[in-house]
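Here the structure comes first, spelled out in structure tokens, and everything after it is commentary.
In the working numbering, the protein residues as written are 22 to 519.
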């Protein structure tokens, strides 16, 4: 068979990441718990309100929800998430109503799961959607099917195998079987880490995972959808000096993984950053239709020195933290991927052992190998600046952050303080600080800013927001004291207070 002679551009990658379409199949047959379903719905609503308000191409371009009872019920047809939170909220409200009012009655009937039929219908529905949308963007031309259930992964695997003859496997990227463990089982009993889904098995297209019935695990599961899953190209090339005079420079190809969402892509970004100016600047993101055909260069970072971690000042680094991982680009040979992974692991271990961070400088490839986009304007032909980046190691990954260069640095001269500390003032400060809780280990999962509620408030009409707040108050009061909500919503003296 003749090999393809098409030249692959190794110095650029698509600006828009790969985020496939997703269909959720909620299997509520026993032993599925009501609390698991409600927690799952809350976590899904939170990630959808984030995604619907983010600037730039959608991280969850298309979603569909099926409720599996005696037969599959499509709660939400395939829908875009961008600026569509009102419709998504309506579907999730319908799902909550079923869980709270009808789940117990349904499970008493002890009916069998209709998972096989649900998988078939979801796949057929997606195929029909694509036929009606022939120019579907490449980033959701594949479907990921997620089955939430109280059954074992083997049950989902057997149902998938039975339905596989009727499924259009060509459009299915993978099937995820997410078994939600009982809310009565604690993390200590299961031996798992809070908020971390654990993998049970992977068989063919079916990935089997276990999820704890807590908001942290479910949030982490859904937030993983916001990460790019494309393996079309690596993000950066790390250039190290030649190991020997006979060798060329050592190149380690890496992918970048976001550690946090950029506040500048969301409303209320001013609540997450401090500025000396009264107005903060915002990035301008391309529309999804334009972003599909756009590319950006693969960055080349050349090592220029090693800095002891103890000498790296926090005030010298800035910007969002990104995780550097060895690339999984499918275009590379398997041998090159393994060799590249070994180089990355050894580099990570060596930096950690020596207790140093690697200082790198952005370099540009030769003009002959650069993509056309780099020379599309007069500015791009002119001299370009080369920023600095620092790579900080951990046990099995590397963190990269931008470093301030000379041109960006504003001097700060701290006046030497020779003033003797006042004992009375010192005691007051010590007494005040002693009242502040000591946090042994900071975990961002335990600190909420109220962003989800704020996004829902600006995405929904006032009536829907008011209903949601009342329902939340009722749920909290019922959880703490079953009869207290009656007093809260029926003040003394009213007709219903007696």
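By construction, the Cβ of each residue, glycine as well, lies at the ideal position given by its N, Cα and C atoms. A quick note: this is a predicted structure, and the numbers were derived from the prediction, not measured.
Annotation: the continuous beta strand (DSSP E) that includes residue 48 extends over 42-48.
Residue 112 sits in a helix when the DSSP states are folded into three classes. A direct Cα-to-Cα measurement between residue 76 and residue 285 gives close to 8 Å. Put simply, of 332, 273, 231 the residue whose alpha carbon is nearest the alpha carbon of residue 360 is 273. Cβ contact annotation for residue 240 (same chain, cutoff 6 Å, sequence separation greater than five): 64, in chain order. According to DSSP, residue 409 shares a beta bridge with 382, 424.
Residue 404 and residue 385 have their C-alpha atoms spaced approximately 11 Å apart. Under the DSSP definition of a beta bridge, residue 279 partners with 343.
Looking from the CA of residue 171, the closest CA among 247, 188, 231 belongs to 231. In the three-state reduction of the DSSP assignment, residue 431 falls in the coil class, being assigned neither a helical nor a strand state. Following the DSSP letters along the chain, one finds residue 100 inside the beta strand (DSSP E) bounded by residues 93-100. When 456, 332, 447, 445 are compared, the shortest CA-CA separation from residue 411 is found for 332. Closest in C-alpha terms to residue 289, from the list 39, 471, 449, comes 471. Its chain contains 51 as the residues whose beta carbon lies nearer than 6 Å to that of residue 128, once the 5 sequence neighbours on both sides are disregarded; these appear in chain order. Of the residues 153, 193, 173, the one whose Cα lies closest to the Cα of residue 165 is 193. Residues of the same chain with a CB within less than 6 Å of the CB of residue 184, apart from the 5 flanking positions on each side, are 137, 140, 141 in chain order. The beta-bridge partner set that DSSP reports for residue 176 is empty. DSSP lists 44 as the beta-bridge partner residues of residue 85. In this structure residue 259 touches residue 275 by the C-beta definition: roughly 6 Å separates them, less than 8 Å. Distance from the CA of residue 245 to the CA of residue 376, rounded to the nearest whole angstrom, comes to 30 Å. Cβ-Cβ separation between residue 199 and residue 168: approximately 7 Å, consistent with a contact (criterion under 8 Å). Contact annotation: residue 134 and residue 89 have beta-carbon atoms nearer than 8 Å. Beta-bridge annotation (DSSP): residue 368 is not paired with any residue. Measuring C-alpha to C-alpha distances from residue 381 to each of 67, 425, 444 identifies 425 as the nearest.
Of all alpha-carbon atoms in 334, 257, 372, the one lying nearest the alpha-carbon of residue 323 is that of 257. For residue 448, the enclosing alpha helix (DSSP H) covers residues 444-455.
Contact between residue 103 and residue 73 holds, with the beta-carbon distance rounding to 6 Å and staying under 8 Å. Take residue 255, set aside five residues on each side of it, and the residues of its chain with a beta-carbon closer than 7 Å to its own are 274, 275, 276, 319, 348, 350, in chain order.
Look at residue 163 here: in three-state DSSP terms it is coil, with no helix or strand label.
DSSP lists no beta-bridge partner residue for residue 284. Counting along the chain, residue 326 sits inside the beta strand (DSSP E) bounded by residues 320-329.
Beyond the five residues adjoining it in sequence on each side, residue 132 comes within less than 8 Å, by CB distance, of 50, 90, 91 in the same chain, given in chain order. Residue 259 is bridged by DSSP to 273, 322. Per DSSP, the beta bridge partners of residue 419 are 345, 414.
Secondary structure at residue 53: coil, using DSSP grouped into helix, strand and coil.
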